[in-house]
Amino acid sequence: MELPTKRRKQHPQPRASEDTAASRAVASSDTGGAIAYWSQHHYWPSYYTRSAGDMVSLLARKRSIISRNRKSSETTTSSMPSSLRPKEEQGSEYKHTRYVTQLEIIANSYMDDSQQGISEQSRKHYQRLLDREPTVPKESLFQDSLFAQTFRMVRDRNEARIFRDITPLIVPSAETLAIQGATRLRDLVESVNEGWNNCIPISKTRPQPDYAVGFRRNAFSSTQLSRIEPIVGGLTDQSYFVATYNMYFPFLACEVKCGSAALDIADRQNAHSMTIAVRAVVELYRAVGRAHELNREILGFSISHDNETVRLYGHYAEIHQHDTKYYRHTIRKFNFTELDGKEKWTAYKFTKSIYEDWMPIHLERIRSAIDDIPPDISFSTTGSDLQFSEHSGLTQDVRAQSIAFSNPESQSGAKAGDTQSSDVGRSPDTPSTSVDGAAFKKPKRHRDP
Numbered sequence: 001m002e003l004p005t006k007r008r009k010q011h012p013q014p015r016a017s018e019d020t021a022a023s024r025a026v027a028s029s030d031t032g033g034a035i036a037y038w039s040q041h042h043y044w045p046s047y048y049t050r051s052a053g054d055m056v057s058l059l060a061r062k063r064s065i066i067s068r069n070r071k072s073s074e075t076t077t078s079s080m081p082s083s084l085r086p087k088e089e090q091g092s093e094y095k096h097t098r099y100v101t102q103l104e105i106i107a108n109s110y111m112d113d114s115q116q117g118i119s120e121q122s123r124k125h126y127q128r129l130l131d132r133e134p135t136v137p138k139e140s141l142f143q144d145s146l147f148a149q150t151f152r153m154v155r156d157r158n159e160a161r162i163f164r165d166i167t168p169l170i171v172p173s174a175e176t177l178a179i180q181g182a183t184r185l186r187d188l189v190e191s192v193n194e195g196w197n198n199c200i201p202i203s204k205t206r207p208q209p210d211y212a213v214g215f216r217r218n219a220f221s222s223t224q225l226s227r228i229e230p231i232v233g234g235l236t237d238q239s240y241f242v243a244t245y246n247m248y249f250p251f252l253a254c255e256v257k258c259g260s261a262a263l264d265i266a267d268r269q270n271a272h273s274m275t276i277a278v279r280a281v282v283e284l285y286r287a288v289g290r291a292h293e294l295n296r297e298i299l300g301f302s303i304s305h306d307n308e309t310v311r312l313y314g315h316y317a318e319i320h321q322h323d324t325k326y327y328r329h330t331i332r333k334f335n336f337t338e339l340d341g342k343e344k345w346t347a348y349k350f351t352k353s354i355y356e357d358w359m360p361i362h363l364e365r366i367r368s369a370i371d372d373i374p375p376d377i378s379f380s381t382t383g384s385d386l387q388f389s390e391h392s393g394l395t396q397d398v399r400a401q402s403i404a405f406s407n408p409e410s411q412s413g414a415k416a417g418d419t420q421s422s423d424v425g426r427s428p429d430t431p432s433t434s435v436d437g438a439a440f441k442k443p444k445r446h447r448d449p
């Protein structure tokens, strides 16, 4: 026999115009205003419920681990999660031109400009980066007397050799510059061939750039860190905001190859990495209701190079309400060995200008959005339950919206009515990024004696 379901108490809903106006008033007041609103209408204003849903959808996820009871003989390479596979094997999918289409399907990410392209502000800014003349090393393999010999030395050599001898003169080390006295770069941390095991992936393969730069924890204040703590999670969790356990909000990736044809592979790897990097900032801004500010703004850079050619790209997003698409803008492509090395320092100067000129602005942009996370929202540890501070005291069910980027495969599957499609192309260690729901918890009240 089918048991009757308990009907939930219905509350009259105001007209949209009334709710919006009232919510705006609450948004500019303190929590007491929200309580007064609840007392009158018996539900939370849309400003608070919307913030709740957006915050919950960003919560960090636990990363799956292969069972320790599994025998080593049973643990084959094909069954390993992406985080344990060597980069050479992971890179196989990038070798196919179909990866470009795959990235479009799974991530709404395009290795080209959008129809509108980047904003005029971003165009002027990167042009300023190209025009700057920061200092370059006086003694190096790129100095005039050694350049021709250096070029002959690395010709037809492997990627490791090019990375050792050439990459530091194309993409300077942020940490080395900081040690040498660039104090503003002390907030930066770099990775060399490290897998982005702490990011929430978009496919079975995790990014593993040859070189990448992002922000340290100490780039943010203790207050800011406390606000994003549930979103960042622990050292082994996966988050939208973290690449490696110690790198927050990456903004630069570099891939090194040998041979011009291989640069197309490097471009695909960089597009993957920077889609995740741009997504981090977009989702932060979306959660605080400011995503429109990032529309068509460059939020990261990538560099692909071999022993003679460099490709510089800027990465950005086009944002329309809950729909986000990711694009790539070509900044420069050139051969740094021609004309006796006339442009041998172009990429070095551009990268250094990113660190010195663009990065501080980007960091303040991130800090500003973190500061807008409501301070009285806290997250429970039992799932997707969201709690206001105890003084709020009242309850309201909130349906948390899935992040627009979260899982395009599951979205397309839902349209087709196939509930199993969300697992297609997903590895065992890839967490689901959708959120079923959230609720403000009502503290138990003690009866008066």
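All residue numbers for the sequence shown refer to UniProt numbering, where the first residue is 1 and numbers rise by one. Quick reminder that beta carbons are idealized off the backbone N, C-alpha and C, glycines included. Bear in mind that the values here come from a model prediction, so they are computed numbers and not experimental data.
By the three-class DSSP mapping on this structure, what secondary structure does residue i have?
i, result
"Arg311", "strand"
"Arg332", "strand"
"Ala27", "With a pLDDT of 44 at Ala27, under the threshold of 50, the modelled position of that residue is not reliable, and no figure is offered here."
"Leu141", "coil"
"Glu364", "helix"
"Lys325", "strand"
"Ala261", "helix"
"Ile162", "helix"
"Val232", "helix"
"Ile106", "helix"
"Gln121", "helix"
"Ile373", "coil"
"Ser304", "strand"
"Phe241", "coil"
"Gly341", "helix"
Taking residue i as the reference, give the member of the options with the closest Cα.
i, options, result
"Pro374", "Tyr355, Ala287, Thr346", "Ala287"
"Ser304", "Asp187, Val171, Glu255, Ala317", "Glu255"
"Asp340", "Gln321, Gln149, Gly181", "Gln149"
"Asn193", "Thr167, Ile200, Ile202, Lys204", "Thr167"
"His320", "Arg296, His329, Glu343", "Arg296"
"His329", "Glu338, Phe301, Asn246, Pro172", "Phe301"
"Leu103", "Leu252, Asp357, Lys325, Glu338", "Lys325"
"Gln115", "Tyr211, Thr135, Ala317", "Ala317"
"Asp372", "His125, Leu225, Arg157", "Leu225"
"Ile200", "Thr176, Glu175, Tyr248, Asp357", "Tyr248"
"Gly195", "Pro360, Arg98, Asn246", "Asn246"
"Lys95", "Arg161, Ala261, Lys342, Glu120", "Ala261"
"Arg161", "Asp210, Lys342, Glu293", "Asp210"
"Asp306", "Tyr285, Gly181, Val171", "Val171"
"Glu343", "Asp165, Ile179, Glu133, Gln121", "Glu133"
"Gln127", "Asp357, Arg164, Ile231", "Asp357"
"His362", "Arg164, His125, Phe163, Gln238", "His125"
Would residue i count as contacting chain D if we go by Cβ distances under 9 Å?
i, result
"Leu177", "The chain inventory of the structure shown lacks chain D, comprising one protein chain alone."
Expressed to the nearest angstrom, what Euclidean distance is found between the alpha-carbon atoms of residue i and residue j?
i, j, result
"Val398", "Ala291", "Note that Val398 has pLDDT 30, beneath the 50 cutoff, so the model's placement of it is unreliable and the number below is only indicative. The alpha-carbon atoms of Val398 and Ala291 are separated by roughly 21 Å."
"Met153", "Arg332", "25 Å"
"Gly289", "Ile228", "16 Å"
"Gln208", "Arg268", "12 Å"
"Ile106", "Ser203", "7 Å"
"Leu141", "Gly233", "43 Å"
"Arg123", "His272", "22 Å"
"Ala253", "Ser145", "30 Å"
"Lys441", "Ile118", "Residue placement at Lys441 is poorly supported in this model, since its pLDDT is 33, which falls under 50; the coordinates still yield a value, given next. Going from the Cα of Lys441 to the Cα of Ile118 covers about 43 Å."
"Ser92", "Arg155", "24 Å"
"Ser109", "Met359", "23 Å"
"Arg206", "Gly314", "21 Å"
"Lys138", "Phe334", "23 Å"
"Arg157", "Leu284", "42 Å"
"Ile179", "Ile231", "31 Å"
Taking a contact to mean a Cβ-Cβ separation below 9 Å, would you say residue i touches residue j in this structure?
i, j, result
"Tyr355", "Arg184", "yes"
"Ser353", "Leu169", "no"
"Trp345", "Val136", "yes"
"Tyr327", "Asp113", "yes"
"Glu159", "Cys258", "yes"
"Phe151", "Glu308", "yes"
"Phe251", "Leu177", "no"
"Asn198", "Thr236", "yes"
"Phe350", "Leu294", "no"
"Asp264", "Thr101", "no"
Exercise. Touch check for the region 232-245 and the region 278-288: three-plus C-beta pairs under 8 Å?
Worked result: Touching, yes, given that three or more Cβ pairs across the two stretches are closer than 8 Å.
For this session: Tell me, please, whether the region 214-224 touches the region 363-371 by the rule of three or more beta-carbon pairs shorter than 8 Å.
Result: Contact between the region 214-224 and the region 363-371 is present, because at least three Cβ pairs lie under 8 Å.
Problem set entry | the region 176-190 in contact with the region 204-218 per 3-pair CB rule at 8 Å | Because the criterion of three Cβ pairs below 8 Å is met, the region 176-190 and the region 204-218 touch.
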